[in-house]
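Chains as they are written, first to last, in the numbering used here: chain R, 577 to 837; chain C, 295 to 774. Ideal Cβ positions, reconstructed from N, Cα and C, are used throughout, including at glycine.
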Amino acid sequence: MESKKEIKQTLLEISNLFASTENLTILKGVNIKINSGEIHAIMGRNGCGKSTLSKIIAGHPSYEITSGKIELCGNDIEPLEPEERAQSGIFLGFQYPIEIPGVSNLEFLRVATNARRKFLKKEELDTFEFEDFVKEKLDIVKMDSAFLSRSINQGFSGGEKKRNEILQMALLEPKIAILDETDSGLDIDALRIVASGIKKIANENSGIILITHYQRLLDEIKPDFVHVMADGKIIKTGDSNLALELEKNGYDWTDEFINKN
Amino acid sequence: MVNENLVDNIVSEPYKYGFVTEIESEKISKGINEDIVRLISSKKNEPDYLLNFRLNAFKKWKELEEPNWADLGYEKIDYQDIIYYSAPKQKDKIKSLDEVDPKLLETFDKLGIPLTEQKRLTNVAVDAVFDSVSIATTFKEQLAEHGVIFCSISEAIKDHSDLIEKYLGSVIPASDNYFAALNSAVFSDGSFVYIPKNVTCPMDLSSYFRINSGDSGQFERTLIIAEEGSSVSYLEGCTAPMFDTNTLHAAVVELIALDDASIKYSTVQNWYAGNEKGVGGIFNFVTKRGKCIGKRSKISWSQVETGSAITWKYPSCILIGEESIGEFYSVALTNNLQQADTGTKMIHIGPKTKSTIVSKGISAGHSSNSYRGLVKIGSQAKGARNYSQCDSMLIGDKAAANTFPYIQSQQPNSEVEHEASTCRISEDQLFYLQSRGIEFEEAVSMMVSGFCRDVFNQLPMEFAAEADKLLSLKLEGSVG
Numbered sequence: 577m578e579s580k581k582e583i584k585q586t587l588l589e590i591s592n593l594f595a596s597t598e599n600l601t602i603l604k605g606v607n608i609k610i611n612s613g614e615i616h617a618i619m620g621r622n623g624c625g626k627s628t629l630s631k632i633i634a635g636h637p638s639y640e641i642t643s644g645k646i647e648l649c650g651n652d653i654e655p656l657e658p659e660e661r662a663q664s665g666i667f668l669g670f671q672y673p674i675e676i677p678g679v680s681n682l683e684f685l686r687v688a689t690n691a692r693r694k695f696l697k698k699e700e701l702d703t704f705e706f707e708d709f710v711k712e713k714l715d716i717v718k719m720d721s722a723f724l725s726r727s728i729n730q731g732f733s734g735g736e737k738k739r740n741e742i743l744q745m746a747l748l749e750p751k752i753a754i755l756d757e758t759d760s761g762l763d764i765d766a767l768r769i770v771a772s773g774i775k776k777i778a779n780e781n782s783g784i785i786l787i788t789h790y791q792r793l794l795d796e797i798k799p800d801f802v803h804v805m806a807d808g809k810i811i812k813t814g815d816s817n818l819a820l821e822l823e824k825n826g827y828d829w830t831d832e833f834i835n836k837n
Numbered sequence: 295m296v297n298e299n300l301v302d303n304i305v306s307e308p309y310k311y312g313f314v315t316e317i318e319s320e321k322i323s324k325g326i327n328e329d330i331v332r333l334i335s336s337k338k339n340e341p342d343y344l345l346n347f348r349l350n351a352f353k354k355w356k357e358l359e360e361p362n363w364a365d366l367g368y369e370k371i372d373y374q375d376i377i378y379y380s381a382p383k384q385k386d387k388i389k390s391l392d393e394v395d396p397k398l399l400e401t402f403d404k405l406g407i408p409l410t411e412q413k414r415l416t417n418v419a420v421d422a423v424f425d426s427v428s429i430a431t432t433f434k435e436q437l438a439e440h441g442v443i444f445c446s447i448s449e450a451i452k453d454h455s456d457l458i459e460k461y462l463g464s465v466i467p468a469s470d471n472y473f474a475a476l477n478s479a480v481f482s483d484g485s486f487v488y489i490p491k492n493v494t495c496p497m498d499l500s501s502y503f504r505i506n507s508g509d510s511g512q513f514e515r516t517l518i519i520a521e522e523g524s525s526v527s528y529l530e531g532c533t534a535p536m537f538d539t540n541t542l543h544a545a546v547v548e549l550i551a552l553d554d555a556s557i558k559y560s561t562v563q564n565w566y567a568g569n570e571k572g573v574g575g576i577f578n579f580v581t582k583r584g585k586c587i588g589k590r591s592k593i594s595w596s597q598v599e600t601g602s603a604i605t606w607k608y609p610s611c612i613l614i615g616e617e618s619i620g621e622f623y624s625v626a627l628t629n630n631l632q633q634a635d636t637g638t639k640m641i642h643i644g645p646k647t648k649s650t651i652v653s654k655g656i657s658a659g660h661s662s663n664s665y666r667g668l669v670k671i672g673s674q675a676k677g678a679r680n681y682s683q684c685d686s687m688l689i690g691d692k693a694a695a696n697t698f699p700y701i702q703s704q705q706p707n708s709e710v711e712h713e714a715s716t717c718r719i720s721e722d723q724l725f726y727l728q729s730r731g732i733e734f735e736e737a738v739s740m741m742v743s744g745f746c747r748d749v750f751n752q753l754p755m756e757f758a759a760e761a762d763k764l765l766s767l768k769l770e771g772s773v774g
């Protein structure tokens with residue numbers, strides 16, 4: 577363990593982040609630091625700002641950072657467009673992956689993979705090379721190659737959409753993957769497939785943020801840190817036991833915490 | 295809308311076909327009257343029957359009124375301010391390509407349509423039309439071995455008068471509409487195709503129309519006849535230089551399919567559309583119609599309309615023969631201040647006739663894009679069927695899309711199905727693609743190609759790729 581810690585590198589650092597949409601302040605001073613090799617869980621009630629935080633990191637145009645900073649490997653990402661953030665290694669696994677009719681999943685995955693590879697100064701893959709490359713990755717999420725020829729997420733079941741997200745994570749090899757309620761709407765089998773996929777992709781050089789309401793995902797993937805979010809702030813941080821506490825006691829105490837402060 | 299700064303920073307791709315060829319041309323004086331019609335006919339040494347055809351058309355034109363029912367707004371066209379005949383000066387009789395002015399060959403080279411034997415496309419025969427005249431037709435001799443006639447309509451008027459007399463104006467009579475009447479009176483050139491009985495045309499045929507002169511109108515005329523059991527695939531491309539005045543283009547295309555014959559007619563229209571403030575551009579008023587006379591005959595129109603300041607165009611099928619089939623696949627893209635009112639008419643006359651309409655309209659910028667279609671099932675068309683699908687895509691929040699489907703049925707034993715949808719490229723879809731590292735512009739063009747896929751699949755291979763590229767170019771800088 578000690579030797580690993582020595583080579584740890586800060587991948588994502590968010591300091592005192594305030595953000596708003598349509599004049600409504602949603603994030604009210606978020607601080608979080610993710611090092612390489614770490615898995616963090618962010619938990620909290622609906623509307624506490626978890627999903628907003630993930631969208632802001634990815635660069636969603638509807639939100640505005642009013643103060644504070646987000647740094648990826650020491651570089652401020654605020655001036656970057658969403659595609660530039662993705663190319664430099666930020667990945668957002670969506671809670672509700674959107675359907676895009678007419679655009680082939682395979683072509684989409686190839687263009688996305690090549691955009692990232694170009695940034696990493698790796699050789700871009702042609703159609704044939706990519707087909708081989710993607711087939712290796714399909715196993716990770718137990719997806720059938722038939723999914724590749726369909727339109728992006730169109731007609732996919734909830735579980736298939738989430739597996740498609742994890743497939744993208746596998747292809748893009750991000751520095752930081754933020755998985756927004758990847759466990760929601762999954763039955764237990766699908767949850768296991770998705771969780772085992774995430775575990776296979778996780779490595780010492782990258783970090784993962786799991787946003788979730790439930791312990792059941794964390795039973796599969798044990799986080800190094802658990803953060804509790806309420807009213808746009810992280811109000812408590814602990815290890816994986818904090819999640820178990822939440823499972824037992826619920827979130828009511830967070831309301832009291834907010835009221836007191 | 296989304297990413298305003300990024301979008302504002304992207305400069306629109308300039309129209310790459312906007313150059314003018316410096317060539318001495320023979321023009322007649324501006325304006326139109328009976329003498330002008332006679333002059334055009336005499337310049338082309340036409341037989342009397344054709345002069346009469348023109349004069350009758352001119353008479354009709356004077357009686358007709360310019361239509362105003364389309365969803366288009368433009369300043370009144372001054373028909374006396376247009377030159378009706380303009381031809382590049384060259385030798386009277388050109389025997390081979392070697393005698394064609396090199397400047398003209400160079401022009402078509404620049405447009406990606408090489409005509410000389412060493413460079414020409416090997417799988418497509420081309421009729422190249424420059425302003426009012428046909429410059430050259432490739433593979434004529436090879437096609438003749440199969441009995442296929444592919445030449446300029448002026449040549450056909452002289453050499454194949456029996457066919458011209460029988461079919462010219464048989465699908466679109468001069469009295470059909472204002473612009474068809476004008477075309478019938480003053481048409482200068484165009485292409486003629488005749489496919490004999492039971493012949494499958496050994497290669498795709500194509501016409502390339504180039505407007506070069508700024509003050510003359512272009513009025514070309516195309517006639518395609520497919521005899522019993524024959525088939526042909528025909529492609530049409532169009533470009534024009536950038537002028538800050540509007541140029542009138544009023545073409546007529548007639549198709550005739552006899553028993554078991556099939557004609558596939560594909561267009562990629564990229565006339566100059568005017569600048570982003572709406573100055574200049576081609577006024578494109580075109581009448582295209584096919585007649586499925588024969589049993590089990592088939593006429594299929596596919597079009598990708600990206601250019602012109604104004605497009606007014608309804609390629610149609612008259613389905614007379616029993617079990618004949620009409621198809622219309624269309625992508626119409628408008629940007630900036632372009633206006634398009636386009637669609638089709640499927641007239642079911644014979645029993646068990648079938649038609650399919652797939653129309654995709656994409657409107658960006660401040661443009662307006664309307665689908666207007668008529669499906670008419672006549673009293674004899676027992677068992678006729680139509681399927682129509684009209685989808686509109688809006689890019690940005692200043693563009694407009696309309697759908698005007700007209701359905702008239704006089705036959706209870708028939709089926710007409712119409713589906714329509716409108717979508718806007720959503721911010722969330724774009725964000726999804728961007729969040730995977732795909733550039734904003736590429737994300738838009740991926741979604742647009744996806745939207746048009748049903749139509750692109752109908753285009754001949756080389757055209758489909760071209761159309762896809764063209765759409766991305768046209769959309770650059772349009773989202774915002």
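Could you name the residues that DSSP lists as bridge partners for residue i?
{"i": "leucine 668(R)", "result": "Ile754(R)"}
{"i": "phenylalanine 698(C)", "result": "Arg666(C)"}
{"i": "aspartate 498(C)", "result": "Val418(C)"}
{"i": "arginine 768(R)", "result": "DSSP output for arginine 768(R) lists no bridge partner at all."}
{"i": "glutamate 510(C)", "result": "Note that residue 510(C) is serine in the sequence shown here, rather than glutamate. Per DSSP, Ile377(C)."}
{"i": "aspartate 635(C)", "result": "Trp606(C) and Ser664(C)"}
{"i": "asparagine 651(R)", "result": "Leu648(R)"}
{"i": "lysine 809(R)", "result": "Ala806(R)"}
{"i": "tryptophan 595(C)", "result": "Tyr559(C) and Phe622(C)"}
Does residue i come out as helix, strand or coil in the three-state DSSP assignment?
{"i": "asparagine 578(C)", "result": "strand"}
{"i": "methionine 740(C)", "result": "helix"}
{"i": "asparagine 690(R)", "result": "helix"}
{"i": "asparagine 417(C)", "result": "coil"}
{"i": "valine 679(R)", "result": "strand"}
{"i": "valine 480(C)", "result": "helix"}
{"i": "glutamate 832(R)", "result": "helix"}
{"i": "methionine 719(R)", "result": "coil"}
{"i": "threonine 628(R)", "result": "helix"}
I want to see whether chain C comes within less than 8 Å of residue i, judged by CB atoms only; does it?
{"i": "serine 727(R)", "result": "yes"}
{"i": "leucine 696(R)", "result": "no"}
{"i": "valine 802(R)", "result": "no"}
{"i": "glutamine 744(R)", "result": "yes"}
Who are the neighbours of residue i on chain R, taking C-beta pairs under 9 Å?
{"i": "serine 610(C)", "result": "Simply none; closest approach about 27 Å."}
{"i": "glutamate 721(C)", "result": "His636, Pro637 and Ser638"}
{"i": "methionine 755(C)", "result": "Ordered by position in chain R, no residue passes the 9 Å Cβ test against methionine 755(C), which lies about 16 Å from the chain."}
How close, in whole Å, do the beta carbons of residue i and residue j come, if the pair is a contact with beta carbons under 8 Å?
{"i": "serine 638(R)", "j": "threonine 597(R)", "result": "5 Å"}
{"i": "glutamate 711(C)", "j": "asparagine 680(C)", "result": "7 Å"}
{"i": "isoleucine 614(C)", "j": "glycine 584(C)", "result": "Not quite, the Cβ-Cβ distance comes to about 11 Å (not below 8 Å), so this is no contact."}
{"i": "proline 408(C)", "j": "phenylalanine 402(C)", "result": "7 Å"}
{"i": "valine 652(C)", "j": "valine 749(C)", "result": "6 Å"}
{"i": "glutamate 794(R)", "j": "alanine 766(R)", "result": "Checking the sequence, you will find leucine at residue 794(R) rather than glutamate. Not really, about 16 Å apart at Cβ, beyond 8 Å."}
{"i": "tryptophan 355(C)", "j": "leucine 517(C)", "result": "No, tryptophan 355(C) and leucine 517(C) are not in contact; Cβ-Cβ is about 20 Å, not under 8 Å."}
{"i": "isoleucine 604(C)", "j": "leucine 366(C)", "result": "6 Å"}
Name, please, each residue of chain C whose Cβ falls closer than 7 Å to the Cβ of residue i.
{"i": "histidine 636(R)", "result": "Phe725"}
{"i": "alanine 688(R)", "result": "Arg730, Gly731 and Ile732"}
{"i": "leucine 668(R)", "result": "Ser729"}
So with CB distances below 9 Å, who are the chain C contacts of residue i?
{"i": "glutamate 659(R)", "result": "Leu727, Gln728, Ser729, Arg730, Gly731, Ile732, Glu733, Phe734, Glu736 and Ala737"}
{"i": "isoleucine 674(R)", "result": "Ser720, Asp722, Gln723, Phe725 and Tyr726"}
{"i": "alanine 662(R)", "result": "Gln728, Ser729, Arg730, Gly731 and Ile732"}
Residues of chain C with CB under 8 Å from residue i, in chain order?
{"i": "proline 677(R)", "result": "Gly744 and Phe745"}
{"i": "arginine 692(R)", "result": "Gly731"}
Distance cutoff 8 Å, beta carbons only. Does residue i sit that close to anything in chain R?
{"i": "methionine 640(C)", "result": "no"}
{"i": "valine 296(C)", "result": "Bear in mind that a pLDDT of 36 at valine 296(C), under 50, signals an unreliable position, so the number given afterwards is only what the model happens to contain. Closer than 8 Å to some Cβ of chain R, the Cβ of valine 296(C) qualifies, so yes."}
{"i": "glycine 774(C)", "result": "Low confidence applies here, because glycine 774(C) scores a pLDDT of 45, under 50, leaving its location unreliable; read the following figure in that light. Closer than 8 Å: no."}
{"i": "methionine 741(C)", "result": "yes"}
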